[in-house]
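Position in the sequence shown (from 1) plus 117 gives the number in my numbering.
Even for Gly, the Cβ is constructed at its ideal location relative to N, Cα and C.
Right, one structure below, let's go through it.
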Amino acid sequence: MKRFVTFEGIDGSGKSTISKGVYDALKDRGYDVVFTFEPTDSNIGKCLEKGIADFDPLTTTFLFIADRIEHVKIIKKWLKQEKIVICDRYMDSTYAYQSAQLESILPSPLDFLKNISEDFILVPDRTFLFDIDVKDALTRIKDRNNLESFEREDFLRKVRENYLNLAESDKRFIILDAKESIEQLIEICIRDILGDAGN
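See below:
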């Protein structure tokens, strides 16, 4: 059952926990499923994880895209093998986060990002967006020792707005209330992914 599903949301939305829960549940039910994420654990992805706060915004953007180009090659192989691919963050993270980062540098950052990405991306079959108020999200992550640059309140407000704008203009998105229970959200996602096959 070939399906490419991405999970998006601001930091603290619970998307990583939910995406992993969906993967585990599908695997337990016998489906051929793989779990992946961005930034990946490739050398490019590791570079982003280690130095993201220190890089120029354009450098960060191009590293994310380079990481994705290599990632898509792997995703395509999995899909040819008829696997369900569960991905924690993908192109919409770049559109939401880097648009907010680049808005003081470029006149139309989202258009710029889409133009340089469109020849290399694979559009997901479904994208789940876990929406949450920024203050609630920050409360969830307050135990982290140091908030990353991507976790400032004013920045996350813009990122959330970008996500919602993306979702409103693309039918592949389903917006879910991230304050619902983890178990309920996992089950909603599974029912949608499986469709008639889950009945």
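Name the two residues that bound the continuous alpha helix (DSSP H) containing residue i.
i: L246; result: Run containing L246: none in the alpha helix (DSSP H); it sits in the beta strand (DSSP E), R243 to D248.
i: L255; result: V251 to R257
i: R120; result: Note, R120: premise wrong, no alpha helix (DSSP H); beta strand (DSSP E) at R120 to E125.
i: F237; result: Per DSSP, F237 belongs to no alpha helix (DSSP H) and is neither H nor E.
i: D145; result: K132 to D145
i: T176; result: P174 to K197
i: A284; result: E270 to E285
Out of curiosity, what's the CA-to-CA distance linking residue i and residue j?
i: D242; j: G131; result: 21 Å
i: L311; j: D248; result: 22 Å
i: K163; j: T157; result: 7 Å
i: V139; j: V122; result: 10 Å
i: T244; j: R289; result: 6 Å
i: L143; j: I303; result: 10 Å
i: S286; j: D149; result: 31 Å
i: S133; j: K252; result: 19 Å
i: E220; j: E187; result: 26 Å
i: P224; j: P174; result: 14 Å
i: I291; j: L246; result: 6 Å
i: K137; j: P226; result: 31 Å
i: L230; j: D145; result: 37 Å
i: D171; j: I192; result: 29 Å
Measuring alpha carbon to alpha carbon, tell me which of the options ends up nearest residue i.
i: R269; options: L255, N282 and L281; result: L255
i: M208; options: D236, V251, L302 and K137; result: D236
i: S102; options: I135, F245 and M118; result: Absent from the model: residue 102. The displayed extent of the chain is 118 to 316, so no value can be given.
i: F258; options: L239, D128 and R120; result: A small fix is needed here, since residue 258 is Ile in this sequence, not Phe. Among L239, D128 and R120, the Cα nearest to that of I258 belongs to D128.
i: L293; options: D271, F272 and D250; result: D250
i: I161; options: A295, D253 and D184; result: D184
i: V151; options: L227, K200 and I291; result: K200
i: F272; options: F179, C204, E166 and Q218; result: Q218
i: I233; options: V202, F179 and I291; result: F179
i: D205; options: A295, K296 and F124; result: F124
i: L239; options: I291, W195 and I305; result: W195
i: C306; options: D145, V189 and I203; result: I203
i: G126; options: S225, A284 and E166; result: A284
i: G147; options: I192, L281 and M118; result: M118
What are the boundary residues of the beta strand (DSSP E) that includes residue i?
i: L293; result: F290 to D294
i: T153; result: V150 to F154
i: I222; result: Counting along the chain, I222 falls outside any beta strand (DSSP E), and DSSP gives it neither H nor E.
i: D205; result: I201 to D205
| request: Pair every Cβ in the segment 212-222 with every Cβ in the segment 268-278, then say whether three or more of these pairs are closer than 8 Å. | output: The segment 212-222 and the segment 268-278 touch, with no fewer than 3 CB-CB distances between them shorter than 8 Å.
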